[in-house]
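Chemist:
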Ligand code: 13P
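Residue numbers (this note's numbering): 4 to 237.
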């Protein structure tokens, strides 16, 4: 069983989601399927697909115009939320510290956080990939986690670029994350790989040790692209 999560980013309409949920509901798969959609589309999903948000506020409530709290997401029936996505770190100034606050609020409201970590191209070129990943995991995850969380490794330079790290680079990153989680008392936490996952590379990526699933951007928008990823693994 693998976890196949889609991130629609700022794409799609409610009718697109209705169609996708209907199409995916016919799939015979043991994989866990999650779609992280814009706030206006949040709902309870169906028997085959769970729904997640793409971010939450680091505050519980109050004068934070435009923000959405973990509690608000939870009351839509959504079960997950991405936190610390590369684009939120780049455009909204999320840091490991704010990601940790958001993860705490997600857990307090019964949401499973999908906590993203990964290096930028500058960090990669400076030889800091492993240090950025390890500090991302150690600093973004709350210390008192005693329930399900998911971690996603997203090499930030590869997102939407049609680029992927080599299988050995992915293996090295995921082994580091698994070992770090184990050291934090969180052995067994699923770790997803995300960046330029497509139907033609999904099976190979998910055969790499410590890759428990994928977080898919562009290729999750159309069922013709998403279904081959879901069915590429048992
Ligand atoms: P792409 O699959 O489009 O590279 O996006 C990856 C991503 O950001 C998933 O969260």
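Beta carbons: idealized from backbone N, C-alpha and C, even for Gly.
Taking C-alpha atoms, which residue in 228, 139, 236 and 227 lies nearest to residue 215?
Modeler: Checked all of 228, 139, 236 and 227; the closest Cα to residue 215 is 236.
Chemist: Would you say the stretch 167-179 touches the stretch 85-100, given that touching needs at least three Cβ pairs under 8 Å?
Modeler: In this structure the stretch 167-179 does not touch the stretch 85-100; the number of beta carbon pairs closer than 8 Å is below three.
Chemist: Could you pull out every residue in the same chain whose Cβ sits closer than 7 Å to the Cβ of residue 200, ignoring the five residues on either side in sequence?
Modeler: 208, 217, 219, 222 and 232
Chemist: Helix, strand or coil: which one does DSSP assign to residue 109?
Modeler: The answer is helix: DSSP assigns residue 109 an H, G or I state.
Chemist: Give, in chain order, every unbroken run of the alpha helix (DSSP H) that is at least 4 residues long and sits entirely within the stretch 105-149.
Modeler: Segments of the alpha helix (DSSP H) lying fully in the stretch 105-149: 124-128 and 132-143.
Chemist: How would you call residue 57, buried or exposed, if buried means at least 16 neighbouring beta carbons within 10 angstroms?
Modeler: buried
Chemist: Below 8 Å on the Cβ atoms is my contact criterion, and I expect residue 183 with residue 140 to pass it. Report the Cβ-Cβ distance as a whole number of Å.
Modeler: 5 Å
Chemist: So residue 25 is in the alpha helix (DSSP H); what residue range does that whole segment cover?
Modeler: 17-27
Chemist: Where DSSP assigns a beta bridge to residue 239, which residues make up the other side?
Modeler: This structure cannot settle anything about residue 239, because the visible part of the chain is limited to 4 through 237.
Chemist: Assuming residue 52 and residue 15 form a contact by the criterion Cβ under 8 Å, report the distance between their Cβ atoms to the nearest whole angstrom.
Modeler: Not quite, the Cβ-Cβ distance comes to about 14 Å (not below 8 Å), so this is no contact.
Chemist: Using the beta-carbon count (16 or more within 10 Å), is residue 110 buried or exposed?
Modeler: buried
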